[in-house]
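Trainee: One structure follows; several queries about it will come next.
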Amino acid sequence: LAVGFFPLGEHTVSCIGAGLCSGIYFCKLAAGGYAKTVKALLVK
78 LAVGFFPLGE HTVSCIGAGL CSGIYFCKLA AGGYAKTVKA LLVK
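This note's numbering applies: residue 78 is where the sequence shown begins, and numbers increase by one.
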């Protein structure tokens, strides 16, 4: 979805699932020494 460095603040990343199958996807968010994994459900 997004790879790179972003400036300090709130950000939004959009995903268009046209090329993806329905299912559960895991998104890892990492900043410095902090990391969190969240689940995303795609239903077509």
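Every residue gets a Cβ at the ideal spot worked out from N, C-alpha and C, and that includes glycine.
1. How is ALA108 classed by DSSP in three states: helix, strand or coil?
2. What separation, rounded to the nearest whole angstrom, lies between the Cα atoms of GLY96 and LEU119?
3. Let me check understanding here. Comparing Cα to Cα, which of THR114, ALA108 and ALA117 lies closest to PRO84?
4. May I ask you to report which of helix, strand or coil DSSP gives ALA79?
Mentor: Concretely, from the data shown:
1. strand
2. 11 Å
3. ALA108
4. coil
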